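Residue numbers (this note's numbering), protein chains in the order written: chain A, 41 to 264; chain B, 867 to 1085. Note that the Cβ used here is the ideal one computed from N, Cα and C, for glycine as well. Remember, predicted model here, so these are calculated numbers, not experimental data. Data first, discussion second: the structure below is written as structure tokens.
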């Protein structure tokens, strides 16, 4: 328990925050990697999910591909890409995007599936073209679940981005690995508290997004 | 026992041994995870006001990076043993298992529960003999996700000298042996797919009505 108290002391000590190896620099790195990977996963995953949900095609293959993606070990991908392209951001970015994709795609599909069939038929009956149906009706109605998927992906990414520290790419994982290696467990605790704080912060951001982006008419459907 | 040379040939034995160690870690972690999740789900189902807190707690645990969790569990369970890895993995599964089990239990039709009460089933017996079996498809679905991600996640243990196939990543990275890294990657994915298929199969055996219902709605 004293390690935990020391960890809090380490986080709250202003002297640890600044400089090229300070908490602030690592925190920014960590957020930056996480943001890039989550944005990339959303950019790829949401359109794929919308397409699958809209057309109903490729359901079986989506279920299986996302399952395989879930099985892909982050450490394996990073090590393999790191040997190929050392000391660039790519290994970590690709591995984290792979990690984030299943939650985004599956939630988007589930979101489109959860729309009342009459709503979608009504859009067709009003003469909406396919693109209008997807962007004007299906995406807004599916948005609560889409956001839930991106949120859950972001959480996993933030916790896992610590792996970057093992490969000398910074982020908060840097503190975890140096703390582990030098038995400075107060630093491990401190860095852990920071990662959890980041996750909670992102949860709060998504709660706000959920409130501002989702149309009031759709809101009652927000179950999770 | 370690990887010989820079090629794959001659290293089947190595991959196989680490895969077995990996399976062992995964099975123990998942059993422990289920053993923790069921009582928690029972509690959350019987006392619904505990559910939000429970969910939040599992979410926070899930947010703890694995390396940190190994270190945090070290003083309790021994830094050099594989117990921190097992307990960490079991704790991670809770975020999926508790949620799926509680949602499954909530979806049990009220008349089934009433019938069980009318037949004189006590709360615990009702849970084990009626509610849990009816909720099984949801529990199995959760277990499948938990299994696949656990098998993949255990490899992080390799970075602290534990964790079956993860050792191939650690060693292959240290010695820059691409073939070893590929072997590890393929082994983890194949293992996860096989485990997933096995659970799916067992699930169909244990809850055959679920498949019958699904086929009926599809037809």
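Over the uninterrupted alpha helix (DSSP H) stretch that includes residue i, give me the two end residues.
i                       : result
residue 985 of chain B  : No alpha helix (DSSP H) contains residue 985 of chain B, which DSSP labels as neither H nor E.
residue 1013 of chain B : 998-1019
residue 1039 of chain B : 1032-1040
residue 243 of chain A  : 225-253
residue 46 of chain A   : 42-52
residue 1064 of chain B : 1044-1072
residue 870 of chain B  : No alpha helix (DSSP H) contains residue 870 of chain B, which DSSP labels as neither H nor E.
residue 216 of chain A  : 213-221
residue 895 of chain B  : 878-912
residue 924 of chain B  : 917-929
residue 207 of chain A  : Residue 207 of chain A -> no alpha helix (DSSP H), and no H or E assigned at all.
residue 151 of chain A  : 130-153
residue 190 of chain A  : 179-200
residue 160 of chain A  : 157-165
residue 33 of chain A   : Outside the displayed span of chain A (41 to 264) sits residue 33 of chain A, for which this structure offers no information.
residue 256 of chain A  : Where residue 256 of chain A is concerned, there is no enclosing alpha helix (DSSP H), given that its DSSP letter is neither H nor E.
residue 58 of chain A   : No alpha helix (DSSP H) contains residue 58 of chain A, which DSSP labels as neither H nor E.
residue 950 of chain B  : 949-972
residue 93 of chain A   : 63-95
residue 99 of chain A   : 99-111
residue 940 of chain B  : 932-943
Would you call residue i buried or exposed, if buried means 16 or more other Cβ atoms sit within 10 Å of its Cβ?
i                       : result
residue 53 of chain A   : exposed
residue 1092 of chain B : This structure cannot settle anything about residue 1092 of chain B, because the visible part of chain B is limited to 867 through 1085.
residue 989 of chain B  : exposed
residue 913 of chain B  : exposed
residue 124 of chain A  : exposed
residue 114 of chain A  : buried
residue 955 of chain B  : buried
residue 164 of chain A  : exposed
residue 94 of chain A   : buried
residue 919 of chain B  : exposed
residue 128 of chain A  : exposed
residue 884 of chain B  : buried
residue 886 of chain B  : exposed
residue 895 of chain B  : buried
residue 47 of chain A   : buried
residue 251 of chain A  : exposed
residue 888 of chain B  : buried
residue 1021 of chain B : buried
residue 61 of chain A   : exposed
Ignore the nearest five residues each way along the sequence and tell me which others in residue i's own chain have a CB closer than 7 Å to its CB.
i                       : result
residue 1065 of chain B : 1006, 1009, 1010, 1013
residue 263 of chain A  : In this prediction, residue 263 of chain A has a pLDDT of 46, which is less than 50 and means its spatial position is unreliable; nothing more can be read from the coordinates.
residue 81 of chain A   : 137, 140, 141, 144, 193
residue 235 of chain A  : 198, 199, 202, 212
residue 968 of chain B  : 907, 910, 911, 917
residue 118 of chain A  : 131, 132, 135, 203, 207
residue 249 of chain A  : 187
residue 1043 of chain B : 869, 872
residue 44 of chain A   : 229
For residue i, which residues from the same chain have a beta carbon less than 6 Å from its beta carbon, with the 5 sequence-adjacent residues on both sides left out?
i                       : result
residue 70 of chain A   : 201, 211, 212
residue 1050 of chain B : 1031, 1034, 1035
residue 1059 of chain B : none
residue 1068 of chain B : none
residue 179 of chain A  : none
residue 109 of chain A  : 138, 141, 142
residue 935 of chain B  : 954
residue 933 of chain B  : none
residue 222 of chain A  : none
residue 1083 of chain B : Unreliable placement is indicated for residue 1083 of chain B, whose pLDDT of 47 sits below 50; no coordinate value is reported for it.
residue 191 of chain A  : 246
If you drop the 5 nearest sequence neighbours on each side, which residues of the same chain put their C-beta closer than 8 Å to that of residue i?
i                       : result
residue 948 of chain B  : 891, 1023, 1028, 1029
residue 880 of chain B  : 867, 868, 869, 870, 1034
residue 1039 of chain B : 1047
residue 253 of chain A  : 183, 187
residue 50 of chain A   : 56, 226, 227, 229, 230
residue 1001 of chain B : 967, 970, 971, 973, 974
residue 176 of chain A  : 163, 168
Next item on the list: Kindly confirm or deny that the region 870-886 of chain B and the region 958-978 of chain B touch, where touching means at least three C-beta pairs closer than 8 Å.
Entry: no
Checklist line | Three-pair Cβ contact test at 8 Å for the region 174-187 of chain A versus the region 195-208 of chain A | finding: no
Note to self: Closer than 8 Å is the cut-off here; do at least three beta carbon pairs connect the region 102-115 of chain A with the region 135-153 of chain A?
What the structure shows: yes
Note to self: Quick test of the definition: if touching needs 3 or more C-beta pairs under 8 Å, does the region 936-943 of chain B touch the region 978-998 of chain B?
What the structure shows: no
Next item on the list: Would you be able to state if there are at least three C-beta pairs under 8 Å between the region 84-102 of chain A and the region 150-157 of chain A?
Entry: yes
Next item on the list: Kindly confirm or deny that the region 43-60 of chain A and the region 225-232 of chain A touch, where touching means at least three C-beta pairs closer than 8 Å.
Entry: yes
Checklist line | Touch test, the region 894-905 of chain B against the region 963-971 of chain B, Cβ-Cβ under 8 Å, three pairs minimum | finding: yes
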